[in-house]
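Report on the structure given below.
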Amino acid sequence: VPTLREADPLTRAALELSYGRWALQCMSSADFMAIPNVFYRDGVMQLVYVLGWPMPEDLEAAGEGPCDRPLVALLCMGVAFRVLGCYCMVACHRGKQHKPALCKPKPTAAGKDARAAAAPLH
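Written as structure tokens, this is what we have:
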């Protein structure tokens with residue numbers, strides 16, 4: 005899997021919709037920012053840059069914490085996917101809910117048995 009900086013636009017869009025990407029960014033960047041050892045901090049900042057996450061200086065200038073953007077993204081994705089899932093369940097199972105279909109069903113070709121059943125009895 006490419007990093008955010010290496011990803012082409014289509015792959016980047018798929019990664020932006022990934023729950024794991026935002027959760028990992030939140031957990032990891034919060035841990036990375038809390039590392040007190042100066043020997044490891046430079047290596048961690050290089051890793052943050054390579055992964056395409058916001059740098060601590062950028063977050064401080066914006067007045068944000070390392071988890072502010074990821075948590076908003078996770079909240080929005082959670083709500084959007086639940087609304088989409090609810091719509092799909094309602095739209096796909098209308099017959100089980102004893103409700104008419106949302107769209108007109110395709111006509112089916114009537115076979116000989118259907119014509120015979122519809123024919124009046126003499």
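Counting with the numbering used here, you get residues 5 to 126 for the letters of the sequence shown. Every residue gets a Cβ at the ideal spot worked out from N, C-alpha and C, and that includes glycine.
**Request:** Assign residue 13 to buried or exposed, taking buried as 16 or more other Cβ atoms, counted over all protein chains shown, within 10 Å of its Cβ.
**Result:** Counting Cβ neighbours within 10 Å, residue 13 comes out exposed, since fewer than 16 surround it.
**Item:** Given residue 50 as reference, the closest of 99, 9, 15 and 24 once Cα atoms are compared
**Value:** Checked all of 99, 9, 15 and 24; the closest Cα to residue 50 is 9.
**Cβ neighbour criterion (16 or more within 10 Å) applied to residue 70** = Classification of residue 70: buried, given that the 10 Å Cβ count is 16 or more.
**Prompt:** Less than 7 Å separating the beta-carbons of residue 57 and residue 33?
**Reply:** At a Cβ-Cβ threshold of 7 Å, residue 57 and residue 33 count as neighbours.
**Prompt:** Cα separation between residue 17 and residue 105?
**Reply:** Approximately 33 Å, taken between the alpha carbons.
**Prompt:** At which residues does the alpha helix (DSSP H) containing residue 89 begin and terminate?
**Reply:** The continuous alpha helix (DSSP H) containing residue 89 extends over residues 72–96.
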